[in-house]
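For the sequence shown, the residue numbers in our numbering are 1 to 472. Ideal Cβ placement from N, Cα and C applies to all residues, glycine included. This structure is a prediction, so every number in the text was calculated from the model and none was measured.
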Amino acid sequence: MFKNIKWFLFLIMLVSQSVLAQLPDFTDMVKTNGASVVNISTTQKAKTDEASLTKEPAMPEGMPPEMEELFKHFYKNPDGEGGEEDDGGDEDAQSLGSGFIISKDGYVLTNHHVVKNADEIIVKLSDRRELVAKLIGSDVRTDVAVLKVDATDLPAVTIGSPEALKVGEWVLAIGSPFGFEQSATAGIVSAKGRSLPGGNYVPFIQTDVAINPGNSGGPLFNMEGKVVGINSQIYSRTGGFMGLSFSIPMDVVMNVVEQIKISGKASHGWLGVQIQDVTRKLAESFGMKNPQGALVARIMPDSPASHADIQIGDIITEFNGQAIEKSGDLPPMVGVTPINNEATLKIIRLGETKTITFKVGLLPDQDKKIAKTKEEVKPSNKLGVKVSDLTAEEREAAQVPKGGVLVREVEKGAAKDAGISRGDVILRIQNEVINGADDFDKIVKKLPVDKSIAVLIQHRGNPAFLALKIDK
1 MFKNIKWFLF
11 LIMLVSQSVL
21 AQLPDFTDMV
31 KTNGASVVNI
41 STTQKAKTDE
51 ASLTKEPAMP
61 EGMPPEMEEL
71 FKHFYKNPDG
81 EGGEEDDGGD
91 EDAQSLGSGF
101 IISKDGYVLT
111 NHHVVKNADE
121 IIVKLSDRRE
131 LVAKLIGSDV
141 RTDVAVLKVD
151 ATDLPAVTIG
161 SPEALKVGEW
171 VLAIGSPFGF
181 EQSATAGIVS
191 AKGRSLPGGN
201 YVPFIQTDVA
211 INPGNSGGPL
221 FNMEGKVVGI
231 NSQIYSRTGG
241 FMGLSFSIPM
251 DVVMNVVEQI
261 KISGKASHGW
271 LGVQIQDVTR
281 KLAESFGMKN
291 PQGALVARIM
301 PDSPASHADI
311 QIGDIITEFN
321 GQAIEKSGDL
331 PPMVGVTPIN
341 NEATLKIIRL
351 GETKTITFKV
361 GLLPDQDKKI
371 AKTKEEVKPS
381 NKLGVKVSDL
391 TAEEREAAQV
401 PKGGVLVREV
411 EKGAAKDAGI
421 SRGDVILRIQ
431 NEVINGADDF
441 DKIVKKLPVD
451 KSIAVLIQHR
461 GNPAFLALKI
471 DK
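Now the structure itself:
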């Protein structure tokens, strides 16, 4: 008996040693690259509205409020609860972040939100030197900022390829969480190509590396010791690390960096559509075998899409030969395409595949909004809604310049089950345009039962396709 226990313990020890032998050793990587990682502190003079320091970037239209709250940028309240008590005076506002050196002559990268509205930026090197940095330029769309310090022979990182990064691969972050400089944390790549609120032009790298306030702007290294991303955001219900960290891929970063070095700003390609994912039910309603692609729910006026043969209800499945599996795949592809270049889309329209060529436009500073008639309420129908035409005031409020019907009441039925609510505007049913209440009635009467039907609505100013099914 005792002999068996000894053998059992011996086997456990062998297995433990084998597992430990397979874990990566980051010591050399930290030693080699630590000197290239810097601490960044900013000061904003009291004359500036301090609220702007903690204001998160503008979220895209239609993003649910709860999602906006969950995605927080790191530099909010960087001192935690240990800072000095606010006496209500007009004191300068300060924030902390991280960054890294990309050239020996003093170019430093960090996040836009780390240095936004800063009157003074100080870069603290690993040898304790503190240098005043000049902001060369920053880009809110990708959350990238380029700084320059007056120094030479600085230790620079090596830029790697995020394209070669594999899900499950080990990665390392070095930064200054809560001001604790040169802190190293490791984890694995959880996913690639993530689309997040406020970052729809960035295919984020998702990791489980422990990232906290102050890490923002720091580098993400692969196992070769090359930088593959800039740590930018976390997903958290508490404001702290919860195992979901997001980094900007370096191919996106360097595209922005080169533009900023030349002109002080970055430009992004623009198609001018609002898109959404194709769900299983929507795929069924469009006659597709599998849900894929980006479904066009809105076309911006005077945009490249409006001048091309692109229509609401089109499903974009390819951009320049690259497959579009989900709606989040499209914006980054368009964004890195040079302005005025011709690009090709493959779309599905009414079950047929088409190829469309368009000229890539320049993304405006802010997405253009659609530009700015009441009759009797129609009785409930087999969708379970009561609708009417819109007054001029209702059109302006709903951002619907023409057509559509306003949902006045929603009863139990297909519409309610699909998520249609009072105040929504129904614009299309099965790709048929709704020009008014009478038009709506005619279309609804001929709808089939027990079959998924695609309905385009305008909800709180934002278009979305829903799939509903009318019961027998």
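query	result
Can you tell me the Cβ-Cβ gap for Val407 and Ile426, rounded? I've got them flagged as a contact below 8 Å.	6 Å
In terms of residue numbering, what span does the beta strand (DSSP E) encompassing Gln259 cover?	Careful: Gln259 lies outside any beta strand (DSSP E), inside the alpha helix (DSSP H) at Met250 to Ser263.
So what does DSSP say about Lys134, is it helix, strand or coil?	strand
Can at least three beta-carbon pairs, one atom from the segment 283 to 302 and one from the segment 259 to 274, be found at a separation below 8 Å?	yes
Below 8 Å, can you find three or more Cβ-Cβ pairs linking the segment 102 to 115 to the segment 148 to 159?	yes
Taking the beta carbon of Thr142 as the centre, do at least 16 other beta carbons fall within 10 Å, making it buried, or is it exposed?	buried
Taking only the alpha-carbon atoms, compute the straight-line gap between Gly423 and Gly404 and give it to the nearest angstrom.	12 Å
Rounded to whole angstroms, what is the Cα-Cα separation between Ile356 and Gly461?	28 Å
Using the rule of at least 16 other Cβ atoms within 10 Å of the residue's Cβ for burial, across every protein chain shown, is Arg395 buried or exposed?	buried
Helix, strand or coil: which one does DSSP assign to Arg194?	strand
Check Glu163 in the structure and name its three-state DSSP category.	helix
Rounded to the nearest angstrom, what separates Leu362 and Ala184 at their Cα positions?	39 Å
In whole angstroms, what is the alpha-carbon distance linking Met250 and Ala415?	44 Å
Examine the Cβ distances between the segment 192 to 205 and the segment 317 to 332 and report whether three or more of them are shorter than 8 Å.	yes
Can you list, in chain order, the residues of its chain whose CB lies under 6 Å from that of Ala305, leaving out five sequence neighbours each side?	Leu271, Gly272, Val273 and Ile299
Would you identify the three-state DSSP class for Ala145, choosing helix, strand or coil?	strand
How would you call Phe221, buried or exposed, if buried means at least 16 neighbouring beta carbons within 10 angstroms?	buried
Considering only residues of the same chain and omitting the five flanking positions on each side of Lys382, which have a CB-CB separation below 6 Å?	Ile470
Tell whether a beta-carbon distance below 9 Å holds between Ile122 and Leu131.	yes
Quick one: is Lys359 buried, meaning 16 or more other Cβ sit within 10 Å of its Cβ, or exposed?	exposed
Can we say the segment 158 to 178 touches the segment 214 to 233, given the rule of at least three CB pairs closer than 8 Å?	yes
Measure the alpha-carbon distance for Ala173 versus His268 and round it to whole angstroms.	28 Å
Less than 8 Å between the CB atoms is what I'm expecting for Asn39 and Ser98, so what's the real figure, rounded?	6 Å
To the nearest angstrom, how far is the alpha carbon of Ala145 from that of Gly168?	29 Å
So is Val449 buried or exposed if we call it buried at 16+ other beta carbons inside 10 Å?	exposed
What would DSSP say about Phe286, mapped onto helix, strand or coil?	coil
The alpha helix (DSSP H) that contains His112, what's its start and end?	His112 to Val115
With DSSP as the reference, label Lys318 as helix, strand or coil.	Residue identity check: residue 318 is Glu in the sequence provided, not Lys. Strand at Glu318.
Assuming His307 is part of the beta strand (DSSP E), what are its boundary residues?	Note, His307: premise wrong, no beta strand (DSSP E); alpha helix (DSSP H) at Pro304 to His307.
Which residues does DSSP pair with Pro219 in a beta bridge?	Ile230
Ordered along the chain, which non-local residues of its own chain (more than five positions away) have a Cβ less than 8 Å from that of Asp208?	Gly187, Ile188, Ser190, Gly243, Leu244 and Ser245
Kindly indicate which residue of Glu284, Asn340, Ala35 and Phe465 has the alpha-carbon position closest to the one of Arg128.	Ala35
So, are the CB atoms of Thr317 and Lys281 less than 9 Å apart?	no
Exposed or buried, which one is Arg428 when buried takes at least 16 other CB atoms within 10 Å?	buried
Between Asp450 and the ligand ADP, is the CB less than 8 Å from at least one heavy atom?	The ligand ADP is not part of the structure shown, which contains no ligands of any sort.
Check the C-beta distance from Leu468 over to Ala397 and give it rounded, since I have them as a contact under 8 Å.	At roughly 25 Å, the Cβ-Cβ gap does not stay under 8 Å, so Leu468 and Ala397 are not in contact.
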